[in-house]
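Undergrad:
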Amino acid sequence: MDTVFAVERIEEEGGVTFLLRGNIDVHAEAEFRSIPDRATAPVIRFDFSQVGRINSMGIAHLLRCFKKIKDTTRSEIILSGLSTVHSMLFKTTGVFLLASHDSNRP
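Under numbering that gives the first Met the number 0, the first residue of the sequence shown is numbered 0, with each subsequent residue one higher.
1) If you drop the 5 nearest sequence neighbours on each side, which residues of the same chain put their C-beta closer than 6 Å to that of GLU75?
2) Using DSSP with H/G/I as helix, E/B as strand and the rest coil, what is SER99?
3) Classify VAL3 as helix, strand or coil using the three-state DSSP reduction.
4) Have a look at HIS100 and THR16 and give me their C-alpha separation to the nearest angstrom.
5) Find the nearest neighbour of SER79 within the set THR2, GLU12, LEU19, judged by alpha-carbon distance.
Next up, the structure:
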């Protein structure tokens, strides 16, 4: 798995998916700042299936990004492809207060 963070935007029926790749850390800031401007659908999915490590700066980027999307678009944010570690991290840091987990979608 590549550790360099990258984001791919995928148009889907009924929404937009952001496929996240690599580690989410301090180096992911520029990518996360650009996401809210590209979140132009009623349902926004974030696919974490290709994400490795997420540190405290990564959590801060996620929270800031999700909050901006909620405040500006009122879109529903759905997270998929979460590992057990990601799920536990998101529960303890409040990420799930801004986004829901789609456990049925890999």
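Quick reminder that beta carbons are idealized off the backbone N, C-alpha and C, glycines included.
TA: So, from the data block:
1) Taking the sequence shown and counting its residues from 1, one reaches residue 75 at position 76. Excluding sequence neighbours, GLU75 sits near VAL42.
2) As a working note, residue 99 is residue 100 in the sequence shown. SER99: strand per DSSP, three-state reduction.
3) Position 4 of the sequence shown, counted from the start, is the residue given in the question as residue 3. Assigned with DSSP and collapsed to three states, VAL3 falls in coil, not helix or strand.
4) For this step, residue 100 is matched to residue 101 along the sequence shown. For this step, residue 16 is matched to residue 17 along the sequence shown. When the Cα atoms are used, HIS100 and THR16 turn out to be separated by approximately 14 Å.
5) Working through the sequence shown from its first residue, we reach residue 79 at position 80. Checking every option, the nearest Cα to that of SER79 belongs to LEU19.
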